[in-house]
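Trainee: Provided herewith is a single structure, encoded as structure tokens, for subsequent inquiry.
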Amino acid sequence: MPSRRDLLRCAVVGVAVATAVGAGAVAWSSTLLGEYSVMDMGGGHGTANGHTGHGSSAGSGAAAASGAVDGSDTVSVADLVADPDRAPDVRVELVARQGTIDVPGGRPVEGYTVNGTSPGPEIRARQGDLVEVTFVNESVADGATLHWHGIDVPNAADGVAGVTQDAVPVGGRFTSRFVATEAGTYWYHSHQVSHEQVVGGLLGAVVIDPAEQSATADAATDVTALLHVYGGQQTLNGAAEDEFVAAAPGTTVRVRVLNTDQGTASVWSDAPFRVVATDGHEVHEPGEVAGQRLLIPAGGRVDVLVRARDDGEPVRVHTGGARSVVVGGSLRQAQGPDDVPQPSESLDLLAYGAPEPLEFDPSQPDREYEYVIARRFGIIDGRPGNFWTINGRMFPDVPMFDVREGDVVLMHLRNDSSEVHPMHLHGHHVVVLSRDGVAASGSPWIVDSLDVHPGEAYDIAFVADNPGIWSDHCHTLAHAVDGLITHLMYEGVTTPYTIHGDAGNSPE
Amino acid sequence: MRKVYSALAWIIAGGVVVQAAAIAFAFGGVINRVSNGDVVDKALLESRTAGGVGESGFWIHGIVGGMVLPLLALALLVVSFFVRARGAKLWAAITLALVALQVTLGFSIIDVPFLGLIHGANALAIVGAAVVAAFRVRRAPGSGVGTTETAEEATSDAVSA
Numbered sequence: 044m045p046s047r048r049d050l051l052r053c054a055v056v057g058v059a060v061a062t063a064v065g066a067g068a069v070a071w072s073s074t075l076l077g078e079y080s081v082m083d084m085g086g087g088h089g090t091a092n093g094h095t096g097h098g099s100s101a102g103s104g105a106a107a108a109s110g111a112v113d114g115s116d117t118v119s120v121a122d123l124v125a126d127p128d129r130a131p132d133v134r135v136e137l138v139a140r141q142g143t144i145d146v147p148g149g150r151p152v153e154g155y156t157v158n159g160t161s162p163g164p165e166i167r168a169r170q171g172d173l174v175e176v177t178f179v180n181e182s183v184a185d186g187a188t189l190h191w192h193g194i195d196v197p198n199a200a201d202g203v204a205g206v207t208q209d210a211v212p213v214g215g216r217f218t219s220r221f222v223a224t225e226a227g228t229y230w231y232h233s234h235q236v237s238h239e240q241v242v243g244g245l246l247g248a249v250v251i252d253p254a255e256q257s258a259t260a261d262a263a264t265d266v267t268a269l270l271h272v273y274g275g276q277q278t279l280n281g282a283a284e285d286e287f288v289a290a291a292p293g294t295t296v297r298v299r300v301l302n303t304d305q306g307t308a309s310v311w312s313d314a315p316f317r318v319v320a321t322d323g324h325e326v327h328e329p330g331e332v333a334g335q336r337l338l339i340p341a342g343g344r345v346d347v348l349v350r351a352r353d354d355g356e357p358v359r360v361h362t363g364g365a366r367s368v369v370v371g372g373s374l375r376q377a378q379g380p381d382d383v384p385q386p387s388e389s390l391d392l393l394a395y396g397a398p399e400p401l402e403f404d405p406s407q408p409d410r411e412y413e414y415v416i417a418r419r420f421g422i423i424d425g426r427p428g429n430f431w432t433i434n435g436r437m438f439p440d441v442p443m444f445d446v447r448e449g450d451v452v453l454m455h456l457r458n459d460s461s462e463v464h465p466m467h468l469h470g471h472h473v474v475v476l477s478r479d480g481v482a483a484s485g486s487p488w489i490v491d492s493l494d495v496h497p498g499e500a501y502d503i504a505f506v507a508d509n510p511g512i513w514s515d516h517c518h519t520l521a522h523a524v525d526g527l528i529t530h531l532m533y534e535g536v537t538t539p540y541t542i543h544g545d546a547g548n549s550p551e
Numbered sequence: 060m061r062k063v064y065s066a067l068a069w070i071i072a073g074g075v076v077v078q079a080a081a082i083a084f085a086f087g088g089v090i091n092r093v094s095n096g097d098v099v100d101k102a103l104l105e106s107r108t109a110g111g112v113g114e115s116g117f118w119i120h121g122i123v124g125g126m127v128l129p130l131l132a133l134a135l136l137v138v139s140f141f142v143r144a145r146g147a148k149l150w151a152a153i154t155l156a157l158v159a160l161q162v163t164l165g166f167s168i169i170d171v172p173f174l175g176l177i178h179g180a181n182a183l184a185i186v187g188a189a190v191v192a193a194f195r196v197r198r199a200p201g202s203g204v205g206t207t208e209t210a211e212e213a214t215s216d217a218v219s220a
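In structure tokens, the structure reads:
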């Protein structure tokens, strides 16, 4: 028989354990997100730090979107559209299916196709064109969307499920309309369950040709090199083999490298090349790069200009670790030239090209924000793990970045974690001002996807000229799932869409 | 409770063996891929296919090391408060501290590869601490004090079980 004292002790222990378990269960269930709106994130999104007051520049009408905020009333993201009365110049229908992807040179994998292939068809438009894309979801069970990565589209066309639209269900369709204002290399991909659908191939290239050819970017041949890993196979334009490009000796070839993967890609060659554009923005007076590699963040694009050798020998341009674009030479002569060892030194775009005045003055910002990435253990939506934090706060309690149309925004990006993060801001392009206190000294380095390495701190700036609610997240998409996502929130803009509701929206 | 404590300690020690085996398997897979002409780059790494046949090794190492072992070490410390054996709490605490250090090191290796040297050595320290903990409660009754403790422990075990 246990003594009375023992019984008492057991009772106390029992109550303590039950209380601890109960408190743990309550704490755990409090992390469950359920259905939520991004409007409610960041504690009502009014708590972000660092306001420096607003200028009186709001309502300048600089935005491409026609649904500009009129001052007092709120506007829904759904109303921030391109001119509805204008007839489209380019009209495309893209049909998404869940199924087998044929990988030439490799083995077929299960994934997602657009119009029967992955990558889907390349959309080609001319600067100034109004592009109208009808997206049809034929069989993607989770629903899908199209996001125009790098194109500063009106918010209604941004394609983020649960933020700017509902995921398009099987049998549904959605029309995106935008004006192709900036020439350059871009891509489209799903922004619904994106860590699966992008990896699975629901994507394609977009190339916007300049209204008039520029002198530096003048190339005889223009080739797209879209990198993607399908089921462990590195591919170039969907094929697990090199791409051969015909080019007459002495002529130049513009290679548009798109990194649609989840990590940094490297580009190098034993022939000198020029980096003529980053993320769809021309580099001013780009110099020749030799003996260095060029790194492209996940989601980023870089256009390089390569000159075919005068002697007719082919030039191998490595795009990513495993594939190359072979320029010139007699086509398919054996395997092309030998592999070139990858240089260990990387081209620093902070000091590449020649300086030129910025289109705005970042020295007197209207808003100043910190975006500090770190990592700690915790629970998100009932799921324990080692999650990314923004300014020390874990999703969904991350800061929101409030702006007003016309604001000049200065952001201090810092990576206190141990992994690289390719940070991607929707709907805007940022100019890099400095890295680790060293001011940019080359051509304005304008990007929408920026690798921030462990320990690095970048100062970036942009003009808030595109009203809406815009995701600002890591493009190693598994990191976004693990909390590395927040939003840029324009004053007076609201969204009727929710995440995890009946529409099944799950943007990451 | 002694049995639970002892079992947890042994499972932690065994878990470290699983960790060593899993990571060797994973890197075997990577080298195997490279040897067959594949190129391992960041894109492949992030697509979680760099390990080839050994890819599950990375997965096991991550789940066991990042989740299972920390929870087991935490459970060991909790259980130690219900076990009356000299040093049971101390060695459970040491085990948990070493596991916490190990996880922190593991997540930092990508940025600072040299930490891998400590990560490997610290794994053996965890095995040592867990085994010492297990032996703490297995000690046969020797002194008079020990005997009374064992008797009391058995009583409370019977009630709480």
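First to last, the sequence lines map onto chains A and B. When the first sequence is numbered by my numbering, its final residue is 551 and no position is left out of the sequence of numbers. When the second sequence is numbered by my numbering, its final residue is 220 and no position is left out of the sequence of numbers. Glycine included, every Cβ here is placed at the ideal spot set by N, Cα and C.
(1) Give the list of continuous alpha helix (DSSP H) stretches no shorter than 4 residues that lie fully inside the segment 214-299 of chain A.
(2) Using CA atoms only, rank isn't needed, just tell me which of E181/A, P465/A, P315/A, G274/A is closest to A139/A.
(3) When you check each C-beta in the segment 398-429 of chain A against every C-beta of chain B, which residues fall closer than 9 Å?
(4) Is it true that the CB of P162/A sits closer than 7 Å to the CB of T247/A?
(5) Going by DSSP in three states, R167/A sits in which element: helix, strand or coil?
(6) Please list the terminal residues of the continuous alpha helix (DSSP H) segment that includes L123/A.
(7) Per DSSP, what kind of secondary structure is D494/A in: helix, strand or coil?
(8) For the segment 87-106 of chain B, list every residue whose C-beta sits within 8 Å of some C-beta in chain A, in sequence order.
(9) So which residues of chain B does S233/A contact, with C-beta pairs closer than 8 Å?
(10) CB I169/B to CB S387/A, shorter than 7 Å?
(11) If we ignore side chains and look at the alpha-carbon of each, how far apart do V473/A and L531/A end up?
(12) Along chain A, which residues have their Cβ under 9 Å away from the Cβ of I169/B?
(13) Any chance the segment 479-497 of chain A sits against the segment 325-340 of chain A, with 3 or more Cβ pairs inside 8 Å?
(14) Could you tell me which of V241/A, A121/A, F221/A, H471/A sits nearest to V157/A, measuring between CA atoms?
(15) Roughly how many whole angstroms lie between the Cα atoms of T537/A and G175/B?
(16) If we require 3 or more residues per run, which beta strand (DSSP E) segments fall completely within the segment 469-531 of chain A?
(17) With 16 other CB atoms within 10 Å as the buried threshold, where does V75/B fall?
(18) Less than 7 Å between the C-beta atoms of Q305/A and T519/A, yes or no?
(19) DSSP on Y412/A, reduced to helix/strand/coil?
(20) Quick one: which chain B residues come within Cβ less than 8 Å of Q335/A?
(21) Less than 7 Å between the beta carbons of Y414/A and L476/A, yes or no?
(22) Exposed or buried, L123/A, counting other C-beta atoms within 10 Å across all chains shown (16 or more means buried)?
(23) At the 7 Å Cβ level, is T207/B part of the contact set with chain A, yes or no?
(24) Cβ of T108/B less than 7 Å from any chain A Cβ?
(25) Taking a Cβ distance cut-off of 9 Å, strictly less, list which residues of the segment 223-252 of chain A are near chain B, in chain order.
(26) Below 7 Å between beta carbons: does that hold for V135/A and I144/A?
(27) Could you give the C-beta distance for Q78/B and V123/B, rounded to a whole number, given that I count them as a contact under 8 Å?
(28) What does DSSP give as the partner residue(s) for Y64/B in the beta ladder?
(29) Run down chain A in chain order and give the residues with a C-beta less than 7 Å from the C-beta of G125/B.
(30) Which stretch, first to last residue, makes up the alpha helix (DSSP H) that contains E105/B?
(31) When you compare the CB of Q208/A with every CB in chain B, is at least one pair closer than 7 Å?
(32) Could you pull the start and end residues of the alpha helix (DSSP H) that N181/B belongs to?
(33) Between which residues of its own chain and D525/A is the CB-CB distance below 6 Å, once the five residues before and five after are set aside?
(34) Taking DSSP as the reference, what is the three-state secondary structure of N180/A?
(35) Could you name the residues of chain B that V368/A contacts, counting a contact when the two beta carbons are closer than 8 Å?
(36) For I194/A, does the three-state DSSP call read helix, strand or coil?
Mentor: Looking at the coordinates:
(1) Taking only runs of at least 4 residues, the alpha helix (DSSP H) segments lying wholly in the segment 214-299 of chain A are 237-240.
(2) The shortest C-alpha separation from A139/A is found at E181/A.
(3) Listed by position along the chain: R418, F420, P427, G428, N429.
(4) In the sequence under discussion, the amino acid at residue 247/A is Gly, which differs from the Thr named in the question. Closer than 7 Å, so yes.
(5) Strand.
(6) It is not in any alpha helix (DSSP H) - L123/A carries neither H nor E in the DSSP assignment.
(7) Looking at D494/A - three-state DSSP - the assignment turns out to be strand.
(8) Those residues of the segment 87-106 of chain B that come within reach of chain A (Cβ to Cβ, closer than 8 Å) are D97, V98, V99, D100, K101, A102, L103, L104, E105, S106.
(9) Think of a sphere of 8 Å around the beta carbon of S233/A: no beta carbon from chain B falls inside it, the nearest being about 17 Å out.
(10) No.
(11) So the two alpha carbons sit approximately 13 Å from each other.
(12) Within chain A, the residues near I169/B are S461, E462, V463, P497.
(13) Taking a cut-off of 8 Å for Cβ pairs, the segment 479-497 of chain A and the segment 325-340 of chain A touch, as three or more such pairs fall below it.
(14) Closest by C-alpha distance to V157/A, out of V241/A, A121/A, F221/A, H471/A, is V241/A.
(15) T537/A and G175/B have their C-alpha atoms spaced approximately 48 Å apart.
(16) Annotation note: the segment 469-531 of chain A contains the following uninterrupted beta strand (DSSP E) runs of length 3 or greater, listed N- to C-terminal: 473-478, 492-495, 500-506, 512-517.
(17) Burial of V75/B is indicated by the presence of at least 16 other C-beta atoms within 10 angstroms of its C-beta.
(18) The answer is yes: Cβ separation under 7 Å.
(19) Y412/A falls in the strand class under three-state DSSP.
(20) Going along chain B, no residue has its Cβ under 8 Å from Q335/A, so there is no contact; the nearest lies around 17 Å.
(21) Against a cut-off of 7 Å, the Cβ pair of L476/A and Y414/A comes out as no contact.
(22) Per the 10 Å Cβ criterion, buried.
(23) For T207/B, the predicted model reports a pLDDT of 43, less than 50, meaning its position is unreliable; a value from the coordinates is still stated below. Not an interface residue.
(24) So, interface residue.
(25) Contact residues of the segment 223-252 of chain A toward chain B are V242 (C-beta to C-beta distance below 9 Å).
(26) With respect to the 7 Å criterion, V135/A and I144/A are not classified as neighbours on the basis of their beta carbons.
(27) Rounded to whole angstroms, the Cβ separation of Q78/B and V123/B is 6 Å, and the two are in contact under 8 Å.
(28) As DSSP reads the structure, Y64/B sits in no beta bridge.
(29) In chain order, N429 make up the part of chain A whose C-beta sits under 7 Å from the C-beta of G125/B.
(30) Counting along the chain, E105/B sits inside the alpha helix (DSSP H) bounded by residues 101-105.
(31) With 7 Å as the cut-off, Q208/A does not count as an interface residue toward chain B.
(32) Here the alpha helix (DSSP H) through N181/B covers 174-197.
(33) Counting only Cβ-Cβ distances below 6 Å, and skipping sequence neighbours, we find F430, W431.
(34) Of the three classes helix, strand and coil, the one that applies to N180/A here is strand, per DSSP.
(35) Contact annotation for V368/A against chain B: no contact, minimum CB-CB distance about 16 Å [criterion: below 8 Å].
(36) It is coil, neither helix nor strand.
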